[in-house]
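Using this note's numbering, read the sequence shown as starting at 8 and increasing by one per residue. Every residue, glycine too, gets a C-beta built ideally from N, C-alpha and C. Just so we're clear, the structure is a prediction, and the values are computed from it rather than from any experiment. Before any comments, here is the structure.
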Amino acid sequence: MFKDQFPFFNNKPEQVYLDSAATTQKHASVVAAVNDYHLHHNATVHRSAYQIANQATALYESSRNSVAKLISAKSSAQIVFSSGATESINTIANGLHKTMLCGSKILILASEHHANLIPWQKVASRFNLKIEIVKLSADGCFTQNEFDQFSKQLTADVAILAMAHVSNALGNIYPVKEVCNTANNLQILTVIDGTQAIAHMPVNVEDIGCDFYVFSGHKMYGPTGVGVLYGKSEHLENLAPFKLGGEMITQVSYTHAEFQPAPLKFEGGTPNVAGVIGLGKACEFLLNNIVSIQQHEKECYTALLEQLEKVSGLRILGNVRDSIGVVSIVLDKHNISDLAPLLYQKHIAVRVGHHCAMPLMDFLQVAGTLRVSLACYTTMGDLDNFMRSLQLSLTVLDEGESGLDEQKDSVNELLPLAQKIKSANGWDNQYRQLLLASKSLKIMPVELRIPDNAVFGCESDLWISVQQNQLSAYSQSKIIRGILAVLIEKATELLRSEGSKNADDAAHNAAAEFDYFDYLTTLKLTPYFSAGRRDGLQNAVCAIKQKLR
Ligand code: PMP
């Protein structure tokens, strides 16, 4: 319905983009406005009076009006431009002072994004406040039960309530209006993270009654590097700016500075003018279309759910019916990070991992989820494509459980794992060989999976140990286990290469100094490395080397 308004898809028609909760594609009007600014009005804002500078300032300030209109703020002076939701929340957290807080607790929802958690940890230690978590059900749902529990936690003792309007990891829509109503009566400062709501539903900050509301441009069809901090006027007045420098002042001497009133006191330095102008266009697009966007996304979401519910061995976390276009999936039998490369190979963009909500994943007792997220440009065709690829991928993974045992007999067992992987023809065969290699890994006993042996930074839990020159490892992901088997095969070969029964110093050195990462690259295994995995495997290589030294 809206797809042809997004030029990205003209260039990449084969791409099935279901990762809009991470970032959305950009609307044509946004791309055009950013270009137009660079081509015709490029000057800085609020500083000069020559023609293009005035034009740039007018465009920039007109975006502020569009944002105010989009969220029904009383005044555009309540709209501060930032680099994104993260900076907006940090601006609030850093700018608070004691007089704005009455109470001894910070209340945070269990599903919060790290951006709406870590800044509050710092505030807690600065003001000696205690962080208290609002719980979800064991499968990530927020129902009447959780709401009742939450209501009991909303007491006069709470100084700050930080919560998302919509969870990025689960898609749960939270009752921000009801909660803010109670919070206001108790003088609790409310910070609502609207990053995952703003592109999917009408947002009215006056109606919600929150003290602050934040979001990012890039998740609402606008540019990256720009975002919004909305605040009630009295709070913006009280909040101290933390980006000090040019543009945010009225008077400066060598020893003293006077600041502009909000919003400019928070916009120190040269702002992202192009980004702000693009964001204004994204707001206009949403203002004109939000009702039909909401309707379209609901239809897509319902169709997707219907299909997913037919797949056995798959569980959807979080509120399933009352949710926005985010579906968070875990598999009973397989690690979702083994599924991801199979989907990527078929041009399906989805997100696998902790979604910047590690404490939530711990709470749900999962390593991560597969998140499918929709936007206005999602089509039923995209969802059919996704479902087809998902079914095919699950078949490959199921075969990894059973069919590969038969295959194992038919391949030449004398070849080292690395050679089998290198000589596998095509991506699918290589993937199968990695699954097969995972079966050769000497599995680390559970009692050795202790913090000393843990390797961090990977998408899946990972442990490595060396005992009497015997390397063992474990990861829940079969693909990671396959890669570890290849690494350990090489290390073991090097340890034995000097011919002595008990590996001598030279062998140890050779094994410790070997470039394992280069080895994986030579085997063409890098397509399996997302940024997260690459970091984790690099750490795994370091752990192997260290333990061998
Ligand atoms: N909050 C939520 C709910 C998010 O989904 C995100 C981005 N994933 C953020 C905050 C942080 O946004 P940004 O990285 O654009 O600052």
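Just the C-alpha distance for residue i and residue j, rounded to the nearest angstrom, thanks.
i    : j    : result
N546 : A461 : 10 Å
D164 : I138 : 12 Å
N245 : L77  : 25 Å
H207 : L443 : 43 Å
S3   : M170 : This structure gives no information on residue 3, because the portion of the chain shown stretches from 8 to 556.
I113 : E153 : 18 Å
F157 : R328 : 20 Å
S79  : D339 : 44 Å
A550 : L478 : 11 Å
R133 : H104 : 10 Å
I471 : P452 : 11 Å
F266 : T106 : 20 Å
F149 : G325 : 7 Å
K554 : S335 : 37 Å
L243 : N211 : 18 Å
A295 : A75  : Per the sequence presented here, residue 295 reads as Asn, with Ala not at that position. C-alpha separation (whole angstroms): 14 Å.
K10  : H303 : 12 Å
H225 : A247 : 26 Å
K250 : T528 : 43 Å
A310 : T385 : 12 Å
F524 : R503 : 20 Å
A517 : I450 : 24 Å
R322 : T533 : 30 Å
V141 : L116 : 5 Å
K19  : S330 : 29 Å
I490 : M255 : 52 Å
D512 : V548 : 19 Å
Can you tell which of the options has the C-alpha that lies nearest to the C-alpha of residue i?
i    : options                   : result
S69  : E291, E496, W434 and F524 : E291
V130 : I471, G102 and G253       : G102
I284 : N18, D391 and H47         : H47
I125 : S55, S82, L108 and A100   : A100
I486 : K33, Y44 and S447         : S447
A84  : Y237, N49 and W434        : Y237
G543 : A498, Q474, L469 and E254 : L469
R556 : V473, I490, P458 and I205 : V473
I205 : V298, W127 and P248       : V298
A29  : A364, I323, A63 and G287  : A364
E624 : A514, I490 and G489       : Residue coverage of the chain in this structure runs from 8 to 556, which leaves residue 624 outside it and unanswerable.
S240 : L502, P268 and P423       : P268
L108 : D459, L66, W127 and V23   : W127
P458 : Y481, N436, S445 and K449 : Y481
M227 : T257, F273, M255 and I300 : I300
K552 : A519, T528 and S73        : A519
D391 : N17, F16 and Y24          : Y24
A122 : N17, R71, P366 and Q258   : P366
I215 : T231, L286 and Y181       : Y181
Please state whether the Cβ-Cβ distance between residue i and residue j is less than 8 Å.
i    : j    : result
G234 : A92  : yes
G332 : G147 : no
A35  : P14  : yes
V87  : P278 : no
T51  : V280 : yes
G282 : G253 : no
A176 : T376 : yes
A425 : T31  : no
H578 : R378 : Only positions 8 to 556 of the chain appear in this structure, which leaves residue 578 out of reach.
C307 : M394 : no
V37  : A289 : yes
L136 : S111 : yes
V183 : I96  : no
V357 : D26  : yes
Residues in the same chain with beta-carbon distance under 8 Å from residue i, minus the five sequence neighbours each way, listed in chain order, please.
i    : result
L349 : S396, L399, S400, V403, L404 and Y438
L161 : L114, L168, V186, T189, A190, L193 and I195
E213 : S79, A80 and K81
Please go through the same chain and pick out, in chain order, the residues whose beta-carbon is closer than 6 Å to the beta-carbon of residue i, but skip the five residues on each side of it.
i    : result
C217 : C187, T197 and I199
S174 : S118
I495 : L478
S223 : G91, A92, T202 and G234
N42  : none
A60  : A50
Is residue i near ligand 3, with its Cβ less than 7 Å from a heavy atom?
i    : result
H120 : Looking for ligand 3 in the displayed structure turns up nothing; the ligands present are ligand 1.
Residues in its own chain within less than 7 Å of residue i by CB, not counting five upstream and five downstream?
i    : result
Q440 : K427, I428 and A431
G320 : L338, D339 and K340
Q352 : W434
M368 : H361, A374 and G375
Using beta carbons (cut-off 8 Å, strictly below), is residue i in contact with chain D?
i    : result
V318 : No chain D appears in the structure shown, which is made up of a single protein chain.
If you scan the segment 353 to 438 from start to end, which runs of the beta strand (DSSP E) of 3 or more residues do you find wholly inside it? Those beta strand (DSSP E) runs which fall completely within the segment 353 to 438 and span 3+ residues are 358 to 360 and 376 to 380.
Report the start-end ranges of each beta strand (DSSP E) in the segment 112 to 192 that is 3 residues or longer and not cut off at the edges. 112 to 116, 137 to 141 and 165 to 171
Output the residue ranges of the beta strand (DSSP E) runs that lie fully inside the segment 455 to 494 and measure 3 residues or longer, sorted by chain position. As far as the segment 455 to 494 is concerned, its whole beta strand (DSSP E) runs of at least 3 residues are 469 to 474 and 477 to 482.
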